[in-house]
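Written below as structure tokens is the structure these notes are about.
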Ligand code: BDR
Ligand code: CA
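What follows is the structure in structure tokens.
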């Protein structure tokens with residue numbers, strides 16, 4: 001099945017409950033060679049998102065992947081962490097065991113540069129605001145042609161979750177999203193229109209709990225907290241587990257359906273900043289510039305998540 005060499009991957013994230021599952025899926029799926037984790041201010045302040053990445057890799061036994069902190073906040077806007085969803089430390093719920101992996105001394109854009117230089121055709125999955133990737137594109141434009149694809153959890157073909165029209169990662173740093181979209185590599189957007197299908201039902205929690213390892217037990221605590229805040233803040237007692245869907249697309253492309261479409265990020269709207277304009281019917285007569293997710297195989301996705309966790313500590 002996975003006869004081809006695993007895909008070298010950089011995961012840029014802001015853990016964050018669902019980012020944690022993206023990390024675990026990337027580390028535990030045989031089709032992916034997770035080469036680097038970079039963190040960004042988003043769901044929480046950078047100190048928290050970086051610490052959280054170290055905690056959840058350590059406890060899962062992922063000790064050979066460098067983790068570097070990147071941008072503390074958006075390119076031009078102020079950071080407003082998603083505390084109501086993720087808690088004050090961006091990973092509310094379980095007690096966090098002290099990590100035994102240290103942060104890499106290189107800043108994120110240097111770790112990205114070194115990783116891109118060390119392997120042909122690196123894929124970047126980004127599950128937070130695109131600040132780090134935009135900075136990388138601006139500082140190392142010559143390296144962009146070496147990137148196979150950028151897959152981003154963000155945006156929506158429909159409505160938003162942080163404002164009526166904007167999804168959190170896009171709203172947090174729309175300028176960065178716009179820069180990355182035009183930076184050269186193929187760009188895939190997996191938005192709320194799809195991620196809201198991957199709901200954390202009680203059956204999903206029971207399935208993960210039944211795995212029986214330390215990672216799964218910690219994951220269940222994360223999911224319980226995530227469901228409770230989604231219920232309070234979004235009126236959804238079953239939270240959507242957005243971020244690992246971007247990893248699932250890279251690991252097994254058939255998990256997510258995409259179409260070519262024109263994508264633009266709203267930068268100037270008074271009420272709509274960060275909204276993603278997706279021209280699904282070609283109305284604007286502009287060249288499509290992105291792959292946009294329109295559907296997913298939910299059962300297959302949860303199977304991938306479970307299988308990955310099973311391989312961890
Ligand atoms: C996105 O925002 C964050 O809260 C989640 O981690 C996910 O990346 C969903 O809008
Ligand atoms: Ca995220």
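Residue numbers (the numbering used here): 1 to 313. All C-beta atoms, glycine included, are put in the ideal place defined by N, C-alpha and C. This one's a predicted model, so the numbers in the text were calculated from it and none came from an experiment.
Can you tell me whether residue 102 is buried or exposed, with buried defined as 16 or more other CB within 10 angstroms of its CB? exposed
So the alpha helix (DSSP H) residue 232 belongs to, where does it begin and stop? 214-234
When DSSP labels each residue in this structure, what does residue 124 get in the three-state scheme? strand
Judging by CA-CA distance, which residue of 143, 241, 90, 213 is the nearest neighbour of residue 185? 143
At a cut-off of 6 Å, would you count residue 14 as near ligand 2, judging by its Cβ distance to the nearest heavy atom? yes
With a threshold of 6 Å on Cβ separation, who are the neighbours of residue 314 within its own chain once the five nearest residues in sequence on each side are excluded? Residue 314 lies beyond the stretch modelled for the chain, which goes from 1 to 313, so this question has no answer here.
Could you check where the alpha helix (DSSP H) with residue 211 kicks off and where it finishes? Unbroken run through residue 211: none, as it is neither H nor E.
Please tell me whether, using a cut-off of 6 Å, the distance from the CB of residue 126 to the nearest non-hydrogen atom of ligand 1 is below it. no
Just to confirm, does residue 19 get its C-beta within under 6 Å of one of the non-hydrogen atoms of ligand 1? yes
Quick one: is residue 281 buried, meaning 16 or more other Cβ sit within 10 Å of its Cβ, or exposed? exposed
Note down, in chain order, each residue of its chain lying with its Cβ closer than 7 Å to the Cβ of residue 216, except the 5 sequence neighbours on either side. 208, 209, 309
For the beta strand (DSSP E) containing residue 289, list its first residue and its last residue. From DSSP, residue 289 is part of no beta strand (DSSP E); its letter is neither H nor E.
Are the CB atoms of residue 191 and residue 157 within a distance shorter than 7 Å? yes
Secondary structure of residue 68, DSSP reduced to three states: strand
Are there three or more Cβ pairs, one per stretch, closer than 8 Å when the segment 5-21 is compared with the segment 283-290? no
Note down, in chain order, each residue of its chain lying with its Cβ closer than 6 Å to the Cβ of residue 15, except the 5 sequence neighbours on either side. 49, 52, 53
Taking buried to mean at least 16 other C-beta atoms within 10 Å of its own C-beta, is residue 271 buried or exposed? exposed
Here's a check: name, in chain order, each residue in its chain whose Cβ is nearer than 6 Å to the Cβ of residue 29, leaving out the five neighbours to either side. 251, 308
For residue 140 and residue 117, the rounded distance between their alpha carbons: 11 Å
Residue of 255, 63, 115 minimising C-alpha distance to residue 300: 255
Please classify residue 1 as buried or exposed, where buried requires at least 16 other C-beta atoms within 10 Å of its C-beta. Annotation note: pLDDT 49 at residue 1 (below 50); position unreliable, no value reported.
Evaluate residue 55 with the Cβ neighbour count: other Cβ atoms within 10 Å of its Cβ, from every protein chain shown; 16 or more gives buried, anything less gives exposed. buried
If residue 240 sits next to residue 199, beta carbons under 8 Å apart, how far is it from one beta carbon to the other, in whole angstroms? 6 Å
Buried or exposed for residue 178, going by 16 or more other Cβ atoms inside 10 Å? buried
Proximity of residue 13 and residue 127 at Cβ, strictly below 7 Å: yes
Looking at residue 93: is its Cβ nearer than 7 Å to the Cβ of residue 222? yes
May I ask you to check if the CB of residue 243 is nearer than 6 Å to at least one heavy atom of ligand 2? yes
If you count every other CB in all the chains shown that lies within 10 Å of the CB of residue 125, and 16 or more means buried, which is it? buried
For residue 149, write down the residues that DSSP places opposite it in a beta bridge. 123
Nearest candidate by alpha-carbon position, reference residue 85, set 227, 269, 298, 266: 227
Short check: CB of residue 173 to CB of residue 129, under 7 Å? yes
Keeping to the same chain, check which residues put their C-beta closer than 8 Å to that of residue 100; ignore five residues upstream and five downstream. 58, 63
What does the alpha-carbon distance come out to for the pair residue 278 and residue 176? 17 Å
Under the three-state reduction of DSSP, which class applies to residue 183: helix, strand or coil? coil
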